[in-house]
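S.K.: The numbering of the sequence shown is the working numbering, which starts it at 56 and goes up by one.
Let me begin by handing over the structure; questions about it come next.
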Amino acid sequence: MKKYAAFLCMFLSVSVLVIGQTDDPKTLHENARTFMRQGDFDNAIIILNRALQLDKNNLEMEKDLAMSYYLKRDYQKALEEVRILLDRDDADVVSYQIAGNVYKAVEEVKECEKVYKDGLRKFPASGPLYSEYGELLWAKKDFSAIDLWEKGIKVDPACAGNYYNAARFYFYTKDKVWSLVYGEIFVNMESLSERGAAMKQLLFDAYKEKLFAEANIMAGQEKNKNEFSKAFLECINK
């Protein structure tokens, strides 16, 4: 009990000290982000609430507050914050991403879909929203997810997530080409991450199982009407 009381006093004194040092919203926000990076979401939340009292319309602070509640797993508070976020006229792509993560966490799939649809209506060229909406559909075995990922590749080719998801999708189909094409592009974009390492292994397996399992790479491609796919395989077959 004494240890708990001592910890509580230390926690409160740190919070009061940090808040009491300044009334500058920018400085408070920087301090809150430091606590977020350290995983101290309780202190981050206290400071962000103080900062928002001083700068009520600051979108970045509002997003960080919602994210802090989400990372703390206080999903009820996180839901309250994302509703505030999405009611704002200046809600950006990240606002919709945070909201999507919160609704996924509480398994409100319909609301989550609505968030992504609303986000894409507002930001039709957002690769991250296509990527995360596709992941939501894929989780419930809705294979139309690939349409979202490929649309994301088309409208926002710099977003790596859509290549990653599309490559994994095609790896589990009979298609010989697109898992390799999308996978190679993804590895060139994000080679050093955990996803990059996983994709390198997937590519190794795909080349071994899809291309070189048969002597004739073109076997079974007679009805393939995709000129790019045929040209890709013919090039490798030389």
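All residues carry an ideal CB built from backbone N, CA and C; glycine is no exception.
CA-CA distance, L120 and A194?
M.R.: Distance between the alpha carbons of L120 and A194 is about 27 angstroms.
S.K.: Along the chain, where does the alpha helix (DSSP H) containing K206 start, and where does it finish?
M.R.: 200-210
S.K.: Could you name the residues of the same chain whose beta carbon sits closer than 8 angstroms to that of A60, not counting the 5 residues immediately before and after it, in chain order?
M.R.: Per-residue confidence for A60 stands at a pLDDT of 48, beneath the threshold of 50, marking its modelled position as unreliable; no derived number is given.
S.K.: Within 10 angstroms of its Cβ, does G174 collect 16 or more other Cβ (buried), or is it exposed?
M.R.: By the C-beta density criterion, G174 is buried, having at least 16 other C-beta atoms within 10 angstroms.
S.K.: Please report whether the beta-carbon of K196 lies at a distance below 7 angstroms from any beta-carbon of chain C.
M.R.: No chain C appears in this structure, which consists of one protein chain only.
S.K.: Reducing DSSP to helix, strand and coil, say where P183 ends up.
M.R.: helix
S.K.: Under a Cβ-count criterion, where at least 16 other Cβ atoms within 10 Å of its own Cβ denotes burial, should R223 be classed as buried or exposed?
M.R.: buried
S.K.: Hey, would you say F90 sits closer than 7 angstroms to L126, going by beta carbons?
M.R.: no
S.K.: Our contact map puts K165 next to Y185 with C-beta atoms below 8 angstroms; I'd like the distance itself, whole angstroms only.
M.R.: Rounded, the Cβ-Cβ distance is 19 angstroms, inconsistent with contact.
S.K.: Within 10 angstroms of its Cβ, does C167 collect 16 or more other Cβ (buried), or is it exposed?
M.R.: buried
S.K.: Starting from the Cα of A154, find the closest Cα among Y124, Q108, P179 and give me that residue.
M.R.: Y124
S.K.: What's the gap between the Cα of V232 and the Cα of E264?
M.R.: 12 angstroms
S.K.: Over what stretch of residues does the alpha helix (DSSP H) that includes G174 continue unbroken?
M.R.: 164-177
S.K.: Tell me the start and end of each unbroken alpha helix (DSSP H) in the segment 114-147 that is at least 4 residues and wholly inside, in chain order.
M.R.: 114-127, 130-141
S.K.: Could you give the distance in angstroms between the alpha-carbon of M254 and the alpha-carbon of F283?
M.R.: 22 angstroms
S.K.: Helix, strand or coil for C290? Go by DSSP, reduced to three states.
M.R.: Note: C290 maps to helix in three-state DSSP.
S.K.: So the candidates are R138, P179, L134, P183; which of them puts its Cα closest to the Cα of A160?
M.R.: L134
S.K.: Mind checking which residues open and close the alpha helix (DSSP H) that includes Q93?
M.R.: Segment: none, Q93 is in no alpha helix (DSSP H) and carries neither H nor E.
S.K.: What is the rounded straight-line gap between the Cα of Y227 and the Cα of L258?
M.R.: 12 angstroms
S.K.: Is DSSP giving V161 helix, strand or coil here?
M.R.: coil
S.K.: In this structure, how does DSSP classify F267 when only helix, strand and coil are distinguished?
M.R.: coil
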